[in-house]
Amino acid sequence: MDRQPSRTSIYHDLLDAFAQEGCPVCRLALGNVRGYLVSISREGGLTDLEIRTRLRESHAFCAGHAHQWLESQHLLGTAILYEDLLDHLTGELKALRYRKRGFLAGAAPLLGGGRKVDALEPHRSCPACEVLTRAEERGIDVFLEHLREDGFREEYAQSGGVCLPHCQTALAAAPDEPTFRTLIEVAIARNEALVTHLREIIRLHDYRYNREPSGDERGADARAVCHVVGEPGLRGLGRDP
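Just so we're aligned, residue 3 is where the sequence shown starts under the numbering used here, counting upward by one.
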């Protein structure tokens, strides 16, 4: 399908993702997160006071995105970010004062001024999670907007489809019955193809057939897991961290 300059970048990103393995919305959203992390680490983002304050309030990133950040080996950025955060948390710890709350309530340490220890919890959500959620929502919106177009729908039907979490979200927001049916049909085809490959894996584990060479079923175990829960690193759209 020819690229149309009048279309948004998300439209073209989805089309490109149709030709690749995995859920196109997952690919789009996770790409946005990678771009966000790179923009902070390599474009002087951490020298921006507003960004530093935002990251301090969220204690940088959630566990999953903090490890993604660490795996990217942003040595200087990590040093700048966590030096600032840990220095701030040290101040919070120094403000802790022990106060006995009474016989029945027992004793509990409080922060100076009577604030509870849970003040050490992040005050805002992980910014990378917010980027991911916005990208998922926008990706679903654009995906549904164009799924009514013949060319886009045909490209999607030839792809592996969206993962089941994004399929569920898209079904709930489907603007009409033809779009709803397309989502159902592609999901069923994807499920049936995976089931065929998984059954072949099971068959090849039988001692009578385990000398046969592997075929298209190779990697179906990982594909099945990703299809059911989304690609590694997927969060947002109301799912628990």
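Heads up, the beta-carbon is just placed ideally off N, CA and C, and yes, glycines get one too.
Three-state secondary structure assigned by DSSP to residue i
{"i": "Tyr100", "result": "strand"}
{"i": "Pro167", "result": "helix"}
{"i": "Gly240", "result": "Confidence at Gly240 is low in this model, with a pLDDT of 42, below 50, so its placement is unreliable and the value that follows should be read with caution. It is coil, neither helix nor strand."}
{"i": "Leu113", "result": "Only weak support exists for where Leu113 lies, its pLDDT of 49 falling under 50; the value from the coordinates is given anyway. Leu113 falls in the strand class under three-state DSSP."}
{"i": "Pro177", "result": "coil"}
{"i": "Gly24", "result": "coil"}
{"i": "Ser11", "result": "helix"}
{"i": "Arg183", "result": "helix"}
{"i": "His199", "result": "helix"}
{"i": "Arg36", "result": "helix"}
{"i": "His125", "result": "coil"}
{"i": "Ser43", "result": "helix"}
{"i": "Asp18", "result": "helix"}
{"i": "Ala62", "result": "coil"}
{"i": "Asp86", "result": "helix"}
{"i": "Glu219", "result": "coil"}
{"i": "Glu214", "result": "coil"}
CB of residue i within 8 Å of CB of residue j, strictly
{"i": "Pro124", "j": "Ser60", "result": "yes"}
{"i": "Leu30", "j": "Asp15", "result": "yes"}
{"i": "Val133", "j": "Pro26", "result": "no"}
{"i": "His2", "j": "Leu146", "result": "Only positions 3 to 243 of the chain appear in this structure, which leaves residue 2 out of reach."}
{"i": "Leu196", "j": "Ala222", "result": "yes"}
{"i": "Pro129", "j": "Arg56", "result": "yes"}
{"i": "Arg58", "j": "Asp86", "result": "yes"}
{"i": "Ile82", "j": "Leu48", "result": "yes"}
Straight-line gap, residue i to residue j (C-alpha atoms, nearest Å)
{"i": "Tyr158", "j": "Tyr84", "result": "43 Å"}
{"i": "Ile204", "j": "Ala176", "result": "36 Å"}
{"i": "Pro234", "j": "Glu156", "result": "27 Å"}
{"i": "Leu88", "j": "Thr80", "result": "12 Å"}
{"i": "Val144", "j": "Cys169", "result": "14 Å"}
{"i": "Thr198", "j": "Gly93", "result": "58 Å"}
{"i": "Ala226", "j": "Lys96", "result": "49 Å"}
{"i": "Asn34", "j": "Gly24", "result": "16 Å"}
{"i": "Tyr38", "j": "His148", "result": "26 Å"}
{"i": "Ala172", "j": "Gly232", "result": "14 Å"}
{"i": "Gly153", "j": "Arg136", "result": "26 Å"}
{"i": "Phe20", "j": "Asp208", "result": "35 Å"}
{"i": "Leu77", "j": "His69", "result": "13 Å"}
{"i": "Gly114", "j": "Arg9", "result": "Note that Gly114 has pLDDT 48, beneath the 50 cutoff, so the model's placement of it is unreliable and the number below is only indicative. Roughly 55 Å separates the two Cα atoms."}
{"i": "Ala174", "j": "Arg101", "result": "50 Å"}
{"i": "Leu200", "j": "His90", "result": "51 Å"}
{"i": "Asp218", "j": "Tyr211", "result": "16 Å"}
{"i": "Gln178", "j": "Glu52", "result": "The residue asked about is misnamed: residue 178 is Asp in this sequence, not Gln. Rounded to the nearest angstrom, the two C-alpha atoms are 43 Å apart."}
{"i": "Pro7", "j": "Ser216", "result": "Here Pro7 scores only 47 on pLDDT, less than 50, and its place in the model is too uncertain to base an answer on."}
{"i": "Arg192", "j": "Leu185", "result": "11 Å"}
{"i": "Glu151", "j": "Glu202", "result": "36 Å"}
{"i": "Arg5", "j": "Leu98", "result": "Residue placement at Arg5 is flagged as unreliable, the pLDDT there being 49, under the threshold of 50; a coordinate-derived value is accordingly withheld."}
For residue i, the first and last residue of its enclosing alpha helix (DSSP H)
{"i": "Arg210", "result": "Careful: Arg210 lies outside any alpha helix (DSSP H) and carries neither H nor E."}
{"i": "Gly153", "result": "Asp152 to Ala159"}
{"i": "Cys228", "result": "Ala222 to Val231"}
{"i": "Asp143", "result": "Pro129 to His148"}
{"i": "Gln70", "result": "Ala65 to Glu73"}
{"i": "Glu59", "result": "Leu51 to Glu59"}
Residue i Cβ short of 7 Å to the ligand FMN heavy atom set
{"i": "Asp89", "result": "No copy of the ligand FMN appears in this structure; indeed no ligand is present at all."}
Expected contact under 8 Å - CB spacing of residue i and residue j to nearest Å
{"i": "Cys131", "j": "Cys64", "result": "6 Å"}
{"i": "Ile12", "j": "Gly141", "result": "6 Å"}
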